[in-house]
Amino acid sequence: MSVIPVDLRSDTVTRPTSAMREAMAAAEVGDDQYGEDPTVRALEGEVAERLGHEAAVFVPSGTMGNNIALRLLADPGTEVLADNDSHVVTYEVGSLAAIGGIQTRTLMSDGGILGHEAVAAQLRVDPHGRSVKGSNYAMVETRAVAVENTHVRSGGRAWRLAEIDALVEVTQPVGVELHCDGARIWNASVATGIGLEEYGRRFATLSVCMSKGLGAPVGSLVVTSAERAGRARTLRRQLGGAMRQSGVVAAGALHALRHHLDRLADDHFRAKSLALALEEVAPGRLVADRVETNLVLFEVCDANAFVTDAAKRGVLLGAISPTVVRAVTHLDVDDEQLARAIEILRPMLDADVSRSLVDAGSSV
Ligand SMILES: Cc1ncc(COP(=O)(O)O)c(C=O)c1O
Numbered sequence: 507m508s509v510i511p512v513d514l515r516s517d518t519v520t521r522p523t524s525a526m527r528e529a530m531a532a533a534e535v536g537d538d539q540y541g542e543d544p545t546v547r548a549l550e551g552e553v554a555e556r557l558g559h560e561a562a563v564f565v566p567s568g569t570m571g572n573n574i575a576l577r578l579l580a581d582p583g584t585e586v587l588a589d590n591d592s593h594v595v596t597y598e599v600g601s602l603a604a605i606g607g608i609q610t611r612t613l614m615s616d617g618g619i620l621g622h623e624a625v626a627a628q629l630r631v632d633p634h635g636r637s638v639k640g641s642n643y644a645m646v647e648t649r650a651v652a653v654e655n656t657h658v659r660s661g662g663r664a665w666r667l668a669e670i671d672a673l674v675e676v677t678q679p680v681g682v683e684l685h686c687d688g689a690r691i692w693n694a695s696v697a698t699g700i701g702l703e704e705y706g707r708r709f710a711t712l713s714v715c716m717s718k719g720l721g722a723p724v725g726s727l728v729v730t731s732a733e734r735a736g737r738a739r740t741l742r743r744q745l746g747g748a749m750r751q752s753g754v755v756a757a758g759a760l761h762a763l764r765h766h767l768d769r770l771a772d773d774h775f776r777a778k779s780l781a782l783a784l785e786e787v788a789p790g791r792l793v794a795d796r797v798e799t800n801l802v803l804f805e806v807c808d809a810n811a812f813v814t815d816a817a818k819r820g821v822l823l824g825a826i827s828p829t830v831v832r833a834v835t836h837l838d839v840d841d842e843q844l845a846r847a848i849e850i851l852r853p854m855l856d857a858d859v860s861r862s863l864v865d866a867g868s869s870v
């Protein structure tokens, strides 16, 4: 009998629970492009309220959410500052440049956290807060800074309010706005105890995903002011992301929001257990100095080979660089599966450590 592999590739792989499927089947729907889908309206209202904003717009994906949100803040020919390893820079096929005509300028972050001094030093604005174009017509004007909470490629690190406030302090006086790629803002809030509204009101726009840790099958939302939400709907239509009876999927997202938020703490606990178990056999191999949420990154000699080997043994992982492997806990990973994954991964990592010692010895 073949055993189903433990799938730790991403928290996007979850399947709707039966309660979620029931909610989706029973959803009241209408044509959302006529503004007539009550379930989509309910989802948009609830997400906006939880994040302390006036409005939210349901979109098919986080990539579209980031694209629309940042285009609300930056025009073609202006720039957005983002960290070097952010999702908008790494995994969105250059969507801001290709579709929005926006230049992204990248900064190094400290474990996913953009320092306010580094940002302040790079802002291209008139020091008196006027458009830079008034003083130098050739310069690219900075319109926004994008932060990612939690930060994926740093191992799920959550932003603290003081870190965001420090950015607000250097950007607000010169009219530069903050965007949050909050695909996993739910995890950040549960891990830190910082309320969603506390996070939300510090940003001009947010893009939040229902299809990651919360476990809905589809959908993200752009969260912002009522005025900007109108423009977001126009941009969504232009991208082909405006939907019709989307209440069917919005019902899954609403169910996720109402029933799966607090349980993210279980995913975080399992991620910590996994990290501890791996750290025991391979000290110093974890990429983040602490595992706060549901992502565990660890270094190996050859990430693709490690992932292929793990898959053969029954654990699915992701390679996020030539030497870094990622494991993500989520709704569809229970204690039994986690224990199985640990049992398989520990000897593999142990062997990887021995191999690196041999390699180091032979190169002396
Ligand atoms: C931090 C972050 N932002 C945005 C996205 C994009 O979401 P989607 O795959 O729905 O486009 C992802 C997807 O994994 C993500 O991890």
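In the working numbering, the protein residues as written are 507 to 870.
Backbone N, C-alpha and C fix where the C-beta goes; we use that ideal spot for every residue, glycine too.
As the structure is a computational prediction, the values presented were derived from the model and not from experiment.
Ligand 1 heavy atoms versus the CB of D687: any closer than 7 Å? For this step, residue 687 is matched to residue 181 along the sequence shown. Checking the Cβ of D687 against ligand 1 gives yes.
Roughly how many angstroms lie between the CA atoms of R742 and L576, to the nearest whole one? Translated into the one-based positions of the sequence shown, residue 742 becomes position 236. Translated into the one-based positions of the sequence shown, residue 576 becomes position 70. Distance between the alpha carbons of R742 and L576 is about 13 Å.
Extent of the continuous alpha helix (DSSP H) run through R742: The residue labelled residue 742 in the question sits at position 236 within the sequence shown. Taken as a continuous stretch (DSSP letters only), the alpha helix (DSSP H) holding R742 covers 732–744.
I'd like the span of the alpha helix (DSSP H) that includes L549, first residue to last. Numbered from 1 along the sequence shown, position 43 holds the residue referred to as residue 549. Unbroken alpha helix (DSSP H) run through L549: 544–556.
Output yes or no for whether 8 Å exceeds the beta carbon distance between P566 and G725. Here residue 566 corresponds to residue number 60 of the sequence shown, with the count starting at 1. Here residue 725 corresponds to residue number 219 of the sequence shown, with the count starting at 1. Closer than 8 Å, so yes.
What are the boundary residues of the alpha helix (DSSP H) that includes Q609? Sequence index remark: in the sequence shown, residue 609 carries index 103 (1-based). Note, Q609: premise wrong, no alpha helix (DSSP H); beta strand (DSSP E) at 609–613.
At least three beta-carbon pairs within less than 8 Å, the stretch 516–533 to the stretch 754–767: yes
CB of V658 to nearest heavy atom of ligand 1: below 7 Å? Start at 1 with the first residue of the sequence shown, and residue 658 comes out as number 152. At least one heavy atom of ligand 1 is nearer than 7 Å to the Cβ of V658, so yes.
Consult DSSP for A626 and reduce its assignment to one of helix, strand or coil. Mapped onto the sequence shown, residue 626 falls at position 120. Helix at A626.
Length-filtered (4 minimum) alpha helix (DSSP H) runs lying within the stretch 790–862: 809–819
For the beta strand (DSSP E) that R776 lies in, which residues bound it at each end? Locating residue 776 in the sequence shown gives position 270, counting from the first residue. Element bounds for R776: not the beta strand (DSSP E) but the alpha helix (DSSP H), 770–787.
Proximity winner among F709, A710, L763, relative to V696 (alpha-carbon distances): Translated into positions along the sequence shown, residue 696 becomes position 190. Residue L763 is the option with its Cα nearest to V696.
Which value, in whole angstroms, describes the spacing of the CA atoms of H761 and L720? In the sequence shown, residue 761 corresponds to position 255, counting from 1. In the sequence shown, residue 720 corresponds to position 214, counting from 1. Taking the straight line from one Cα to the other gives about 9 Å.
Would you call the CB atoms of L613 and V653 closer than 8 Å? In the sequence shown, counting from the first residue as 1, residue 613 sits at position 107. In the sequence shown, counting from the first residue as 1, residue 653 sits at position 147. Not closer than 8 Å, so no.
Anticipated Cβ contact below 8 Å, A588 with T569, distance rounded: In the sequence shown, the residue the question calls residue 588 occupies position 82. In the sequence shown, the residue the question calls residue 569 occupies position 63. About 14 Å separates the two Cβ atoms, so there is no contact after all.
Kindly examine ligand 1 and report whether one of its heavy atoms sits closer than 7 Å to the Cβ of R690. In the sequence shown, residue 690 corresponds to position 184, counting from 1. Under cutoff, so the answer is yes.
Mapping the DSSP letters down to three states, classify I700 as helix, strand or coil. Here residue 700 is taken as the residue at index 194 of the sequence shown, counted from 1. In the structure shown, I700 sits in coil (DSSP, three-state: anything other than H, G, I, E or B).
Does the distance between the C-beta of H593 and the nearest non-hydrogen atom of ligand 1 fall short of 7 Å? Counted from its first residue, the sequence shown places residue 593 at position 87. Yes, Cβ of H593 sits closer than 7 Å to a heavy atom of ligand 1.
Rounded separation between G536 and L549 - CA only: Counted from its first residue, the sequence shown places residue 536 at position 30. Counted from its first residue, the sequence shown places residue 549 at position 43. Cα to Cα, G536 sits roughly 14 Å from L549.
Run through the DSSP bridge pairs and tell me what V472 is partnered with. With the chain running from 507 to 870 in the structure shown, residue 472 is simply not present.
Tell me whether the beta-carbon of R663 lies closer than 8 Å to the beta-carbon of E798. Within the sequence shown, numbered from 1, the residue matching residue 663 stands at position 157. Within the sequence shown, numbered from 1, the residue matching residue 798 stands at position 292. Yes, the pair counts as a contact, with Cβ atoms nearer than the cut-off.
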